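Structure record follows, encoded as C-alpha cells.
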Amino acid sequence: MKENKPKQHHYIPEKILINFTDDGANHVFMIDKYNGTITPPLKVNKAAKQGYYYNYPENKGSLETVFFNIIDSNTPPVIKMILNKSKRPLFSRNDRSIINRYIASQICRVPAMQKFFLSMEESFQEAFSDKINKSTFLTKDPKSTFLDQIQKNTEHYSRMLDNKKLKILDLHHNKNYSFVIGDNPVICINNDNHIINILNLDLHSVIDYNIIIMPISYKCALIFHDGKSDSEIDFYINNLNDLQFYHSERFIFGKDEKILSKTLKNYHLLCHNIIEKMQPINPDLFIPKKGEPVVLLPPKLKLSNAVVDYINKKFPLGLNAYKKDNP
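Residue numbering for the sequence shown follows this note's numbering, starting at 15 and increasing by one per position.
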C-alpha cells in the first residue's frame, strides 16, 4: 500500500496568496530573508504551507478541517468584493464579520506564533532544567497548546477588530509599486505611549492594538484603527513592505522580484540601524558595515533570577504539574 503524502496546510490561504500574482498562471516569487535567495516563480498551491501543520498530535483531529475550512472558504469572496471598487457598496455587516475573523485567525495561525510558544517552553526548560525530566514545564503538549490558542485567540482578536474603524487602501494609482506579503502578514502596532490594554492574559496575551494592517493584494491593504489620523496611518502604509520583512518569520512573497530584492536591502539597512542604536547600551555589540546583509533573529525570552526564584517557590514541580491539580 502506498504511504499517503503529508497533507499540506497553508498558513496563508491559497486564495489570498493568489492576489499577489499577476502572470495569469498564479505564480508568486518567494524570498528567504535569511540568505536572500529568491525562488523561481512558485504556484501558489506550493507556497506558504507546511505538512500536517494544523494537526493535533496522536491523530486527535485537525484545525484544517474543523476550523480553517470555514474561515478559508468564507473569506475569499468577501476579499474579491473589496478588490472590486464597484461592488464595495455591497459590503455588509456580515462581510465585515467574516473579514474580522479571517484577520484575527491570520494573526494566530502563522509559524512565528508557533515558534513563540516553543521558545517560551525552551526558555523555561533552560531556567528549570533540574525540575524537568522527560516532561515540559509550561504545558504538557506545546503543539496542542498552540492549536488551542489559535481557536481561543481568534475569538478575542475578532471581537477586538469589531470595535475598530476599517480603512481600505488602494495603490492602483501607483503603477511602479506593489505590496508584498510575509509569512507573518498581519502588522499589529501599539503606538499610544506604551499604554497597553491586555484583553486576555494567557500564554499568549491578546493585546488591544490600535493599528492593525494586512495587505490583501499587491494593490490593496486593510487598515483597522482607533480613529487615527491619515498622517499616522500613512507612515505605516508607506513602510508596509519593510514591515512585512521585519515582521516575517522567514519568507516573503510577491509578484515582483525587483521589489522583493529592493525591500530586502531596505530591511538590512533597518537591522543595521537598530543594532547601531543598541550599541551604547551594549558596548560589546558587533556592528557590521553598512551595506552588509544583516538579519535580526526573533527576541528570546530570558527569565531573570528574581522570576526564577519566585516560580521555584510557588510552583516547585513546574507549572505543568500545577495545572494537573488545578485545571
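Each residue gets a CB set at the ideal place from its N, CA and C atoms; glycine is no exception. All figures in this text were calculated on a predicted structure; none of them were measured in a lab.
Judging by CA-CA distance, which residue of L77, N33, I96 is the nearest neighbour of Q22? Closest option to Q22, Cα to Cα, is L77.
>> Run through the DSSP bridge pairs and tell me what F267 is partnered with.
In response: The partner list for F267 (beta bridge, DSSP) reads M44, I195.
* Asked: Any idea if P103 is buried or exposed, counting beta-carbon neighbours within 10 angstroms, 16 or more meaning buried?
  -> exposed
Segments of 4+ residues assigned as alpha helix (DSSP H) that fall wholly inside the region 102 to 137: 107 to 122
Distance, Cα to Cα, N287 vs T35?
32 Å
Whose C-alpha, out of S262, F142, M174, is nearest the C-alpha of K327? F142
### Query
In this structure, does DSSP put H23 in helix, strand or coil?
strand
TODO: Within 10 angstroms of the Cβ of H239, are there 16 or more other Cβ atoms? Answer buried if so, exposed if not.
DONE: Buried: at least 16 other Cβ atoms inside 10 Å.
Exercise. Out of I273, S111, I113, I289, which has the shortest C-alpha to C-alpha gap to Y191?
Worked result: I273
- Item | Beta-carbon gap between S275 and I52 smaller than 8 Å | In contact: S275 and I52 (Cβ atoms closer than 8 Å).
Notebook entry, point to check: Between which two residues does the alpha helix (DSSP H) containing D184 stretch?
Noted result: Element bounds for D184: not the alpha helix (DSSP H) but the beta strand (DSSP E), 179 to 184.
Quiz item: The beta strand (DSSP E) with P90 in it runs from where to where?
Solution: Counting along the chain, P90 sits inside no beta strand (DSSP E); it lies in the alpha helix (DSSP H) bounded by residues 83 to 97.
If we ignore side chains and look at the alpha-carbon of each, how far apart do N18 and C234 end up? Only weak support exists for where N18 lies, its pLDDT of 49 falling under 50; the value from the coordinates is given anyway. Those two C-alpha atoms are separated by around 38 Å.
Legend entry - Distance CB(V194)-CB(F267) smaller than 8 Å: yes
- [ ] Starting from P229, trace the beta strand (DSSP E) both ways and give me its first and last residue.
- [x] 225 to 231
Those residues which DSSP pairs with G38 across a bridge = None; G38 has no bridge partner.
If I226 and K179 are in contact, beta carbons under 8 Å, what's the gap, nearest whole angstrom?
Between I226 and K179 the beta-carbon gap is near 11 Å, outside 8 Å, which marks them as no contact.
_Output needed for N204: all residues of its chain with C-beta closer than 7 Å, excluding positions within five of it in sequence on either side, in chain order._
Closer than 7 Å at Cβ, skipping near neighbours: I210, I221, Y223, N224.
Rounding to the nearest angstrom, what Cα-Cα distance links K303 and G50 in this structure? 17 Å
message: Determine whether the beta carbon atoms of R123 and Y25 lie at a separation below 8 Å.
response: Yes, Cβ-Cβ distance for R123 and Y25 is below 8 Å.
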